[in-house]
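The block underneath contains the structure these notes are about, expressed in structure tokens.
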Amino acid sequence: MPIINYKTKEINCKIVYVGPSLGGKTTNIQFIHHSVPSVSRTPLQSINTDGDRTLFFDYFALEIAEIQGFKTKFLIYGVPGQPYYKSTRKMVLNGVDGLVFIADSDKYRMSDNLESLLDMKSMLKDYGYNYNEIPLVLQYNKRDLPSVTPANEMEQVLNDRQCDSFEAVAIQGRGVIETFKAICASVVERLNKTLSVKK
């Protein structure tokens, strides 16, 4: 749930990018951070391993327009996909308001995608969250690979909620902003409903 401060009229919403290791989560976040005005965002914080994989998480905060009179920030996180960092992923997922699942389109990594998705569902369940109610957008990254999985096959295997999904080549910026706008719109829609109920 978003953190709403009625005294200061401020709202913080957490959006988390999840998916298998080396799927493109950090690439997405770096591109988004570079694309938004510097006055609207905090510096990007990343802690990487020697292999350039995310060790703990990528993070930055982005101020957006006011929503029903509240100053609103999106807190953007990218979590490591490696099994070893499961506890880090679970920690960051606590309090999540929106999810972006970055799937690797390499046909040899479909099992990794599915394992990562099931892992995410399990963690959400542990927190008592309803997977079917949390805003979710899927991105099928690396569509430029020669060994690409057909998008319709990825839809059948991964998109069990029929959520918005986008094909992407994140390293070129293709599909990145479209994915981000979709999750932001979904989170804002849910936030508006929450604020209307509490009025």
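If you're matching positions, the sequence shown starts at 3 in the working numbering and goes up one per residue.
Ideal Cβ positions, reconstructed from N, Cα and C, are used throughout, including at glycine.
Starting from the C-beta of residue i, find all residues in its chain whose C-beta is less than 6 Å away, skip the five residues before and the five after it, and write them out in chain order.
i, result
"G97", "K16"
"Y133", "K123 and L126"
"F72", "K11 and I13"
So residue i is in the alpha helix (DSSP H); what residue range does that whole segment cover?
i, result
"A153", "A153 to L160"
"L120", "M112 to D128"
"Q141", "Taken as a continuous stretch (DSSP letters only), Q141 belongs to no alpha helix (DSSP H), being part of the beta strand (DSSP E) at L138 to N143."
"N30", "K27 to S37"
Return the CA-CA distance between residue i and residue j, expressed in angstroms with no decimal places.
i, j, result
"G1", "L120", "The first residue shown for the chain is 3 and the last is 201, placing residue 1 beyond what the model contains."
"Y129", "Y110", "31 Å"
"N30", "M156", "19 Å"
"E12", "T151", "43 Å"
"T90", "G175", "27 Å"
"A105", "Q141", "6 Å"
"A63", "S40", "11 Å"
"A184", "F168", "9 Å"
"S149", "P22", "17 Å"
"D54", "D146", "Any reading at D54 must be qualified, since the residue scores a pLDDT of 48, below 50, and its modelled position is unreliable; the value itself is stated next. When rounded, the distance between both Cα atoms is 21 Å."
"N14", "I5", "5 Å"
"L197", "D162", "29 Å"
"N194", "S48", "31 Å"
"T56", "F33", "Since pLDDT at T56 reaches only 47, below the 50 mark, its modelled position is unreliable, and no value is offered."
"V199", "D108", "43 Å"
"Y61", "M3", "18 Å"
"E135", "C165", "11 Å"
Does residue i pass the burial test, meaning 16 or more other C-beta atoms within 10 Å, or should it be called exposed?
i, result
"K75", "buried"
"Y2", "The chain is shown from 3 up to 201; residue 2 falls before or after that span and cannot be answered."
"A67", "exposed"
"H35", "buried"
"S42", "exposed"
"S118", "buried"
"S188", "buried"
"N154", "exposed"
Got a sec, what are the start and stop residues for the beta strand (DSSP E) residue i sits in?
i, result
"S167", "S167 to E169"
"K242", "Since the first residue shown for the chain is 3 and the last is 201, residue 242 is missing from the structure and cannot be characterised."
"K88", "K88 -> not in any beta strand (DSSP E); alpha helix (DSSP H) instead, spanning K88 to L95."
"D106", "G100 to D106"
"K16", "E12 to V20"
"E65", "D60 to I69"
"N7", "I5 to N7"
Rounded to whole angstroms, how far is the Cβ of residue i from the Cβ of residue j, which I believe are closer than 8 Å?
i, j, result
"M112", "V178", "That pair is no contact at about 22 Å."
"P137", "L101", "7 Å"
Excluding five sequence neighbours on each side, which residues of the same chain lie with their C-beta closer than 7 Å to the C-beta of residue i?
i, result
"R192", "P137"
"V18", "Y79, V81, V94, L95, V98 and L101"
"V190", "I69"
"S37", "I179"
Could you pull out every residue in the same chain whose Cβ sits closer than 8 Å to the Cβ of residue i, ignoring the five residues on either side in sequence?
i, result
"N115", "G21, P22, G25, A105, D106, M156, V159 and L160"
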